[in-house]
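Residue numbers (this note's numbering): 369 to 705.
For every residue, glycine included, the Cβ atom is placed at its ideal position computed from N, Cα and C.
Contents: one structure, followed by commentary.
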């Protein structure tokens with residue numbers, strides 16, 4: 369047992385050994401200020417590595433915190449376990465922070481990026497090589513990451529969409545609008561749809577089983593901050609129906625089924641008092657059978673030779689038609705509901 373304890377102690381010391389490229393903050397190791405021990409150089413938060421407070425700069429891609437951030441970018445399970453995600457891009461980080469929508473654990477900068485106005489619990493300067501590793505820019509060419517900013521941010525709690533839909537609708541709408549995504553697996557489409565819903569004044573989004581993680585780095589880039597602004601919830605069809613209540617109109621971008629009758633008028637639905645839920649299916653398979661049973665099919669009229677539109681394009685057109693901007697246009701044109 370003594371030998372086992374010694375081996376474990378040695379292993380911990382090896383894991384916590386200081387990286388050769390870590391710069392210790394000025395004065396942190398001075399006599400009288402308390403010299404940092406080996407153990408203090410390996411800090412973990414909720415089971416995951418984070419840089420110690422006295423570390424200002426990291427230039428090694430093998431640093432434990434760099435590895436942690438790469439896992440955040442690549443692995444949905446790791447993100448959920450950590451409760452954080454990696455967000456890149458100075459503009460969205462600054463905008464979201466200014467709006468009070470980000471809780472930044474670590475703000476990571478490379479080059480000469482100006483970040484003094486962005487509140488963060490901790491700041492870290494990294495080399496271009498490290499930033500390329502964090503942001504997934506390896507092979508993009510020398511200096512591709514210069515001036516890039518990233519942040520490890522806390523994931524927001526799932527939105528209470530049912531409560532939100534019981535409140536008065538926003539933007540002067542007669543009822544709420546909710547986007548539901550059914551097995552949308554492409555992160556670019558996911559982010560684009562969330563950004564569109566946020567930009568067009570929809571009340572929230574509900575992610576059904578089979579969807580990709582909205583905190584995926586590609587989805588976050590495509591959303592450009594909308595993932596933090598738009599209320600999000602996840603669950604199955606029963607949970608979605610409970611959120612909507614019994615009087616909601618459920619529409620789906622889909623080909624009408626034989627014998628299903630005429631598609632509902634988007635104008636009539638948009639002007640009605642019932643909550644509207646637009647369901648968009650996966651890129652390859654379309655709407656699931658569960659969705660087809662519950663939703664009335666609507667589509668975008670096609671005038672050219674193309675058979676269909678990308679789910680993000682079709683979703684944008686339908687959200688515009690059903691949302692406050694489209695409804696205002698219909699009213700302004702004197703259209704009949």
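To the nearest angstrom, report how far apart residue 682 and residue 418 are at their CA atoms.
Whole-angstrom Cα-Cα distance: 42 Å.
Would you tell me roughly how many angstroms separate the C-alpha atoms of residue 451 and residue 526, rounded to the nearest one?
Near 12 Å, if we compare the C-alpha coordinates of residue 526 and residue 451.
Quick check: the Cα distance between residue 531 and residue 574, rounded to an integer number of angstroms?
So the two alpha carbons sit approximately 14 Å from each other.
Thinking C-beta only, is residue 599 closer than 8 Å to residue 569?
Contact flag unset, no.
In this structure, what does DSSP give as the bridge partners for residue 654?
BP columns for residue 654 point to 650.
Taking DSSP's pairing of strands, which residues face residue 572 in a bridge?
DSSP lists 546 as partners of residue 572.
With three or more C-beta pairs closer than 8 Å as the rule, is the stretch 447–466 touching the stretch 532–548?
No: fewer than three Cβ pairs fall under 8 Å.
When DSSP labels each residue in this structure, what does residue 450 get in the three-state scheme?
Helix, per DSSP.
Kindly indicate which three-state DSSP category residue 682 falls into: helix, strand or coil?
Helix, per DSSP.
Just the C-alpha distance for residue 461 and residue 637, rounded to the nearest angstrom, thanks.
If I take the Cα positions, the gap works out to 37 Å.
In the DSSP assignment, what residue or residues form a beta bridge with residue 486?
Answer by DSSP bridge pairing: none, since residue 486 is not bridged.
Verify whether the separation of the beta carbon atoms of residue 646 and residue 690 is less than 8 Å.
Yes, Cβ-Cβ distance for residue 646 and residue 690 is below 8 Å.
In chain order, which alpha helix (DSSP H) runs of at least 4 residues are fully inside the stretch 590–643?
You should have 594–597, 605–612 and 634–639.
Can you check whether the CB of residue 477 is closer than 8 Å to the CB of residue 517?
Taking 8 Å as the Cβ cut-off, residue 517 and residue 477 qualify as a contacting pair.
Quick check on the burial criterion: 16 or more other C-beta atoms within 10 angstroms. Buried or exposed for residue 692?
Classification for residue 692: buried.
Count the CB pairs spanning the stretch 607–626 and the stretch 578–595 that are closer than 8 Å, and state whether there are at least three.
The stretch 607–626, when compared against the stretch 578–595, does not touch it at the 8 Å Cβ threshold.
I need the DSSP call for residue 477, collapsed to helix, strand or coil.
Residue 477 falls in the strand class under three-state DSSP.
Are the CB atoms of residue 521 and residue 426 nearer to each other than 8 Å?
Against a cut-off of 8 Å, the Cβ pair of residue 426 and residue 521 comes out as no contact.
The alpha helix (DSSP H) spanning residue 421 covers which residue range?
Here residue 421 belongs to no alpha helix (DSSP H), and DSSP marks it neither H nor E.
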